[in-house]
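Residue numbers (the working numbering): 740 to 830.
All C-beta atoms, glycine included, are put in the ideal place defined by N, C-alpha and C.
The structure under discussion appears below in the form of C-alpha cells.
Structure, rendered in C-alpha cells:
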C-alpha cells in the first residue's frame, strides 16, 4: 500500500481519508551540523522515522512531505540555516 501522500493518486487520498488514516508530518529544519553532516540532517532523520512508522502500520498511516523550516535561531551563524519565529512555527 502506498503511504506517502505525494506518491498517491487523488482516489487513493480520498480512500485514505474515508478510512480515517492517521497523517504524520515529518518536521526538521535546515541548519548547520558542523563540517561532517549536511544541513538537511534533521529533515532526513524525521522523514525516515515517519516512513518506518508507516511501514509498520501500512493500513493506518499516511506520511506527508516534510516541513523543512523550524525554530533554529541558535544556528543562524551557520550558512544555509533557515529559521522561523517561534509563534509562526507553532501556528
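* Using CA coordinates, which residue listed in 772, 774 and 767 is at the minimum distance from residue 784? -> 767
* **Backbone CA spacing between residue 824 and residue 795 [nearest angstrom]** => 34 Å
* To do: Name the one or two DSSP bridge partners that residue 761 has.
  => 800
* Asked: What's the gap between the Cα of residue 781 and the Cα of residue 759?
  -> 28 Å
* From residue 826 to residue 813, what does the alpha carbon distance come to, in whole angstroms? -> 16 Å
* Give me the Cα-Cα distance between residue 822 and residue 810, rounded to the nearest whole angstrom. => 5 Å
* Take residue 751 and list the residues in its own chain whose beta-carbon comes closer than 7 Å to its own, dropping the five residues that flank it on each side. => 741
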